[in-house]
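Student: In the UniProt record's numbering, the protein residues as written are 1 to 578.
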């Protein structure tokens, strides 16, 4: 009997042998492809990965590797095709989403990359070790989208102008270097050049000329320079004229040396709209130039500061002679800061100068000698709208004027300072008699106690700021009486005073009233007084200064810092070296 041939088993064995051979071959091809990739032979690697895919068309590892080769060859379309095919074959495998997101990011298609990562976060299991990487890459794409948006191409013109208006001139200039669109906006926006601020900068005529050219003159509203020598000032002033800066509203020339004739010509041609003029520490312009020319040329001037200006012209007549021969004219000035220390000024000349300013509201005056009573009367006559006086002097006189009526200025802010200790009896009560005072600052006076007591009786219901510096002979009762009459006091500075004690710090009429307190160099203060003031004012206190208060121990200072914060409390001790 013949046996039947077993053909099925032999065919199965042949197929198994064939599959194992194919498996071995594609592994060999895949290994060769990987080796070519490592050697940066990306074209050879791509061909080998393609051959391997012919044997294993649905192998996601081969697909991802070939996509990496296409990426290196910058064939982004083919790389993205392999990534999408990987996602289709293995939707729960993170590699397809990561590859697609990367390819899209390389093409600056960050929104598409974000969509790929979003899909991956939905499909891939959180247990997958690459899940966190997908989340990280998505955040990176989101940041790239935010950075890639040029708001100059998106925002309306008015919004861009408003944003730039909040920047200083220096910051605006820096913005010009960001990109072409920012540069184009900055050079064309008129507000960019409204304020040309060159203070504390090393500049030359070419820089100023370039900015003036951008500004086209008519857009400039403010020009600021400091420490400019005569040659630079000459170039700048000529540019102001040649570029027709006729709408200039503010001119700050601090510590500069302008050619006098050219400066006055500039104001005559371009000063008709000038509102603010600051010439502090300027060399070449004198007081007489101000009254003979500047105030006449700049008819809209509201604020003028001429502290320590110095003329280069030798005068053949005295200061008083020049003042008395000049005809008075009225100006619209509301703020004047003037230093007359270098001049021999009589009371009559000073009072005549004041008659130029009937609308004056703030006067800062530094002078050698002054008759305080006559000065007060002159202010009442010539400057009836005056609200703020800042008076610095070397010597004071107080001659009685019985024939004059009892007059009062409606002052809100008064600052009185002398170079040497002066008796408060000389200033009497005139400057401090207004019950509408909001600020009082007094330095280097003795015998203030009776004067402050009178002020307390009248009432200081509006007083918010009180500075008493170097008032050595004030006693405790004077200060307690004064502070009890100030229900709105927010800013208090009493230094070098024997009367500043723990009892004074415990006498404030209202809790959480003070915002700033400076009691430096108070020899009688202890930790008890510090504790009292911190407990009563901790809800409002923003700054507490207790420098050189040697009787306040370190543990009390540490407690105050703990209660108020390190930035609020300032405590330093100066060691005198002998």
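Beta carbons: idealized from backbone N, C-alpha and C, even for Gly.
1. Grab the span of the alpha helix (DSSP H) containing residue 349 for me, first residue to last.
2. Going by DSSP, which residues form a beta bridge with residue 389?
3. For the pair the region 252–271 and the region 228–239, tell me if three or more CB-CB distances fall below 8 Å.
4. So residue 195 is in the beta strand (DSSP E); what residue range does that whole segment cover?
5. Helix, strand or coil for residue 335 per DSSP?
6. Looking at the secondary structure, which residues open and close the alpha helix (DSSP H) in which residue 531 lies?
7. Quick check: residue 358 and residue 335, are their CB atoms within less than 9 Å of each other?
8. Along the chain, which unbroken stretches of the alpha helix (DSSP H) at least 4 residues long are found entirely within the region 411–495?
9. My guess is that residue 130 and residue 184 are in contact by the Cβ rule of under 8 Å, so how many angstroms apart are they, rounded?
10. If you draw a straight line from the alpha carbon of residue 396 to that of residue 193, how long is it in whole angstroms?
11. According to the Cβ coordinates, are residue 176 and residue 196 closer than 9 Å?
12. Does the region 333–351 touch the region 361–371, meaning 3 or more C-beta pairs lie closer than 8 Å?
13. What's the gap between the Cα of residue 104 and the Cα of residue 113?
14. Please give the ranges of any beta strand (DSSP E) in the region 162–244, keeping only runs that are unbroken, at least 3 residues long and fully inside the region.
15. When we look at the beta-carbon of residue 349 and count the other beta-carbons within 10 Å, is it buried (16 or more) or exposed?
16. If the criterion is Cβ atoms closer than 9 Å, does the pair residue 304 and residue 290 meet it?
17. Please state the DSSP three-state secondary structure of residue 251.
18. What are the start and end residues of the alpha helix (DSSP H) that includes residue 105?
19. Which runs of the alpha helix (DSSP H) fall wholly inside the region 254–319 and span at least 4 residues, in chain order?
20. Can you name the residues that DSSP bridges to residue 369?
21. Could you tell me whether the Cβ atoms of residue 498 and residue 523 are closer together than 9 Å?
22. Output the residue ranges of the beta strand (DSSP E) runs that lie fully inside the region 50–135 and measure 3 residues or longer, sorted by chain position.
23. Just how far apart, CA to CA, sit residue 437 and residue 216?
24. Considering Cα atoms alone, identify which of 245, 234, 288 and 248 is closest to residue 262.
25. Can you tell me which of the three DSSP states residue 48 falls into?
26. With residue 101 and residue 117 assumed to form a contact (beta carbons below 8 Å), what rounded beta-carbon distance in angstroms separates them?
27. Kindly list the residues whose CB is nearer than 6 Å to the CB of residue 79, restricted to its own chain and excluding five residues on each side of it in sequence; keep chain order.
28. Please name the residue or residues paired with residue 545 in a DSSP beta bridge.
29. Give me the Cα-Cα distance between residue 28 and residue 40, rounded to the nearest whole angstrom.
30. Under DSSP, the alpha helix (DSSP H) around residue 564 begins and ends at which residues?
31. Does the separation of the CB atoms of residue 389 and residue 414 fall below 9 Å?
32. Tell me whether residue 412 is buried or exposed, calling it buried when 16 or more other Cβ atoms sit within 10 Å of its Cβ.
33. How big is the Cα-Cα spacing for residue 307 and residue 207?
34. Out of curiosity, what's the CA-to-CA distance linking residue 125 and residue 92?
35. Using the beta-carbon count (16 or more within 10 Å), is residue 513 buried or exposed?
Tutor: Based on what the coordinates show:
1. Taking the chain shown and counting its residues from 1, one reaches residue 349 at position 349. Per DSSP, residue 349 belongs to the alpha helix (DSSP H) from 347–354.
2. Position 389 of the chain shown, counted from the start, is the residue given in the question as residue 389. Answer by DSSP bridge pairing, in chain order: 363 and 414.
3. yes
4. As a working note, residue 195 is residue 195 in the chain shown. Residues 195–198.
5. Residue 335 sits at position 335 when you count from the first residue of the chain shown. Three-state DSSP puts residue 335 in a strand.
6. For the purposes of this step, residue 531 is identified with residue 531 of the chain shown, where counting begins at 1. 527–537 is the span of the alpha helix (DSSP H), which, as asked, contains residue 531.
7. Position 358 of the chain shown, counting from 1, holds the residue named residue 358. Position 335 of the chain shown, counting from 1, holds the residue named residue 335. No.
8. 449–458 and 476–484
9. Taking the chain shown and counting its residues from 1, the one referred to as residue 130 is at position 130. Taking the chain shown and counting its residues from 1, the one referred to as residue 184 is at position 184. That pair is no contact at about 44 Å.
10. Counting from one through the chain shown, the residue named residue 396 turns up at place 396. Counting from one through the chain shown, the residue named residue 193 turns up at place 193. Whole-angstrom Cα-Cα distance: 47 Å.
11. Counting from 1 along the chain shown, the entry for residue 176 is found at position 176. Counting from 1 along the chain shown, the entry for residue 196 is found at position 196. Against a cut-off of 9 Å, the Cβ pair of residue 196 and residue 176 comes out as no contact.
12. yes
13. Taking the first residue of the chain shown as position 1, residue 104 is located at position 104. Taking the first residue of the chain shown as position 1, residue 113 is located at position 113. Each residue's Cα considered, the two are about 5 Å apart.
14. 195–198 and 222–226
15. Taking the first residue of the chain shown as position 1, residue 349 is located at position 349. Classification of residue 349: buried, given that the 10 Å Cβ count is 16 or more.
16. Numbered from its first residue, the chain shown carries residue 304 at position 304. Numbered from its first residue, the chain shown carries residue 290 at position 290. Their beta carbons are under 9 Å apart, which means residue 304 touches residue 290 by this criterion.
17. For the purposes of this step, residue 251 is identified with residue 251 of the chain shown, where counting begins at 1. If DSSP states are grouped into helix, strand and coil, residue 251 belongs with the strands.
18. On the chain shown, position 105 is the one that residue 105 refers to. Its alpha helix (DSSP H) spans residues 94–106.
19. If we require 4 residues or more, the alpha helix (DSSP H) runs fully inside the region 254–319 come out as 260–270.
20. Walking along the chain shown from the start, residue 369 turns up at place 369. According to DSSP, which records beta bridges pairwise, residue 369 is partnered with 395.
21. For the purposes of this step, residue 498 is taken as residue 498 along the chain shown, with counting starting at 1. For the purposes of this step, residue 523 is taken as residue 523 along the chain shown, with counting starting at 1. For residue 498 and residue 523, yes; Cβs fall inside 9 Å.
22. none
23. Stepping through the chain shown from its first residue, residue 437 is reached at position 437. Stepping through the chain shown from its first residue, residue 216 is reached at position 216. Straight-line Cα distance between these residues: approximately 46 Å.
24. Taking the chain shown and counting its residues from 1, the one referred to as residue 262 is at position 262. With distances taken between Cα atoms, residue 262 lies closest to 234.
25. Indexing the chain shown from 1 puts residue 48 at position 48. Residue 48 falls in the helix class under three-state DSSP.
26. Taking the first residue of the chain shown as 1, we reach residue 101 at position 101. Taking the first residue of the chain shown as 1, we reach residue 117 at position 117. Going by Cβ atoms, the distance from residue 101 to residue 117 rounds to 5 Å, so yes, they are a contact pair.
27. Residue numbering aside, residue 79 sits at position 79 when the chain shown is read from its first letter. The answer, listed in chain order, is 67, 70, 71 and 103.
28. If you number the chain shown from 1, residue 545 lands on position 545. Its beta-bridge partners are 518 and 570.
29. As a position in the chain shown, residue 28 is number 28, starting the count at 1. As a position in the chain shown, residue 40 is number 40, starting the count at 1. The straight-line gap from Cα to Cα measures roughly 19 Å.
30. One-based indexing of the chain shown puts residue 564 at position 564. Unbroken alpha helix (DSSP H) run through residue 564: 554–564.
31. Start at 1 with the first residue of the chain shown, and residue 389 comes out as number 389. Start at 1 with the first residue of the chain shown, and residue 414 comes out as number 414. Yes, Cβ-Cβ distance for residue 389 and residue 414 is below 9 Å.
32. If you number the chain shown from 1, residue 412 lands on position 412. When all chains shown are included, residue 412 counts as buried.
33. Locating residue 307 in the chain shown gives position 307, counting from the first residue. Locating residue 207 in the chain shown gives position 207, counting from the first residue. If I take the Cα positions, the gap works out to 29 Å.
34. For this step, residue 125 is matched to residue 125 along the chain shown. For this step, residue 92 is matched to residue 92 along the chain shown. Annotation: residue 125 to residue 92 spans about 7 Å, alpha carbon to alpha carbon.
35. The residue you call residue 513 lines up with position 513 of the chain shown. By the neighbour-count rule (16 or more Cβ atoms within 10 Å), residue 513 is buried.
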